[in-house]
Each structure stands twice: as structure tokens, then as C-alpha cells.
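S.K.: Residue 1 is where the sequence shown starts when you use full-length UniProt numbering, and the numbers rise one by one after that. All residues carry an ideal CB built from backbone N, CA and C; glycine is no exception.
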Amino acid sequence: MPTLLEDHKLPLVQLKERRRDLIVGLMGHQGPLSKQQIAEIAAIQTAISAIEAVLDDLDAEAEVALRDRAA
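(1) So, is the C-beta of residue 48 closer than 8 Å to a C-beta in chain B?
(2) Note the first and the last residue of the continuous alpha helix (DSSP H) segment covering residue 43.
(3) How many whole angstroms separate the CB atoms of residue 38 and residue 16, which I take to be in contact at a CB cut-off of 8 Å?
(4) For residue 44, does the count of other Cβ atoms within 10 angstroms reach 16, so buried, or fall short, so exposed?
(5) What are the boundary residues of the alpha helix (DSSP H) that includes residue 30?
Okay, structure coming up:
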């Protein structure tokens with residue numbers, strides 16, 4: 001059913017790409033990460049989790065609406 005659900009136009013892909021870029025940039029990094037680096041990665045991960053939760057809610061609402069329309 002995912003093909004029936006709309007693209008909500010949220011920046012999820014951009015956030016995941018930014019997180020990946022930060023992690024890839026740390027490859028080969030020696031020593032501990034700075035507090036700023038950790039905070040930036042954590043903030044991006046928190047935003048990703050929040051957007052995914054909203055998308056789950058929107059998708060569930062869309063599925064209920066589709067079911068109600070079909071009934």
C-alpha cells in the first residue's frame with residue numbers, strides 16, 4: 001500500500017543525506033568527537049525520528065481514510 005500514500009514533502013531525505021555526510025566525514029577520525037559534532041549528529045537524528053513519527057501518523061490517517069472511502 002505504500003504506493004498509494006502521498007509524498008509529504010518533508011526534508012527527510014535531505015536530513016538523512018546530511019547525517020550520512022557527517023558520519024562519512026568522520027571516517028578515519030582519530031580521537032574523541034567534539035561536543036559540537038556529537039550535538040549536530042544528535043540534533044539531525046532527533047529531527048529524522050520526529051519526521052518519521054509524523055509520517056507514520058499521516059500514513060495511518062491516510063490508510064483509515066482510504067478504508068472508509070472503500071466501505
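M.R.: Straight from the coordinates:
(1) You won't find chain B in this structure, because it holds only one protein chain.
(2) Start and end: 35-70.
(3) Going by Cβ atoms, the distance from residue 38 to residue 16 rounds to 18 Å, so no, they are not a contact pair.
(4) buried
(5) No alpha helix (DSSP H) holds residue 30; DSSP gives it neither H nor E.
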